[in-house]
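According to this note's numbering, the sequence shown is numbered sequentially starting from 8.
Beta carbons: idealized from backbone N, C-alpha and C, even for Gly.
Here's the structure, in structure tokens; my notes come after.
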Amino acid sequence: PLTINFLSNKYLIIKEAQKIAPFLSINRTTKFTVTFLHSRPTQLLPMCHELFQCVDKRQPPTNIHQKLKAVKATGMELIGTRNELPIMPVPLSSTILTPLQEQPASVFITNERLYLQPRSLGDLMSPTSYPLNHLVGYARRYKGLKDCAVELYWNNSTSILIALEKVRDREKVIRCLGVETCFTDREFLFQAFKLWQAGKLTNFHYLLVVNSAAGRTFQDLSRYPVFPWVIADYLSFTLDL
């Protein structure tokens, strides 16, 4: 088989022993050998040459990203165990939204887990994954004025807000997750109303359901949940609530 040998003064270890962990940077001259068992290096070498030229000429990162777009990643490098099967053919570009920060990430889904991987090596985000059997529901959300985000709710009372680049990408993620409960559906809101009316749901939790159905979320300060004022006595030192 054909092989390529090269030396590197610095390299990164990603997902050592198939564990989700921060990247490990090694500053040591090391020889690497790449063996081609089922293909030829005719496509790899020109692409590596172009990337090295971008680095040597100190071109902007956007030029390097444009070069990398020509490489079609399969997403298999994100999978945590050998028993997992990819449901999504290629990872999707996305942004993880939190109240004070936005993190670019790649979303990849297998039959067992949802993976969120940093989009580039310079990102501060750590790679992480979520078991799909812990997912209890989802809600379609906005990013600004663009209807392209989805909020995923887990069984530990947490959620993550993911903004995709396009609406069809958001819908593809929802289909791959395979969860049926949507917190913005009319039927879900009606069932919550009946539970609240029967005294099986507190006022607080019912208002959370109404806020979620209205598109509000704790992950977006511009759409933070709102609650009505219930205090009418502002003069007494003690209140009978």
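- When 118, 215, 155 are compared, the shortest CA-CA separation from residue 176 is found for 155.
- In the DSSP annotation of this structure, the continuous segment of the alpha helix (DSSP H) that includes residue 183 starts and ends at 174-184.
- For residue 106, DSSP assigns no beta-bridge partner whatsoever.
- The alpha-carbon of residue 18 is positioned some 30 Å away from that of residue 119.
- For residue 218, the three-state secondary structure derived from DSSP is helix.
- The residue among 43, 223, 167, 221 with its C-alpha nearest the C-alpha of residue 109 is 167.
- Here residue 43 is exposed, its C-beta having fewer than 16 other C-beta atoms within 10 Å.
- With contacts defined by Cβ atoms closer than 8 Å, residue 184 and residue 123 do not form a contacting pair.
- Taking C-alpha positions only, residue 240 is separated from residue 165 by approximately 34 Å.
- In this structure residue 158 is buried. Its beta-carbon is surrounded by 16 or more other beta-carbon atoms within 10 angstroms.
- Here residue 12 has 40 as same chain residues with Cβ atoms under 6 Å from its own Cβ, once five neighbours each way along the sequence are excluded.
- Take residue 190, set aside five residues on each side of it, and the residues of its chain with a beta-carbon closer than 6 Å to its own are 144, 146, 219, in chain order.
- Here residue 102 has 109, 111, 170 as same chain residues with Cβ atoms under 6 Å from its own Cβ, once five neighbours each way along the sequence are excluded.
- Counting along the chain, residue 201 sits inside the alpha helix (DSSP H) bounded by residues 193-204.
- A distance below 8 Å between beta-carbons, with the five flanking residues on each side excluded, links residue 225 to the following residues of its chain, in chain order: 106, 166, 231, 232.
- By alpha-carbon distance to residue 213, the top candidate from 222, 223, 205, 200 is 200.
- Residues of the same chain with a CB within less than 6 Å of the CB of residue 16, apart from the 5 flanking positions on each side, are 36 in chain order.
- Assignment of residue 120 by DSSP, reduced to helix, strand and coil, places it in the strand class.
- Annotation: the continuous beta strand (DSSP E) that includes residue 12 extends over 9-15.
- Non-local beta-carbon contacts of residue 142 in its own chain, meaning distances under 7 Å to residues more than five positions away in sequence, involve 159, 161, 184, 186 in chain order.
- The beta carbon of residue 196 lies closer than 7 Å to those of 216, 220 in the same chain, with the five residues before and after it left out.
- By the criterion of a C-beta distance shorter than 8 Å, residue 236 is surrounded by no residue of its chain, once the five residues flanking it on both sides are discounted.
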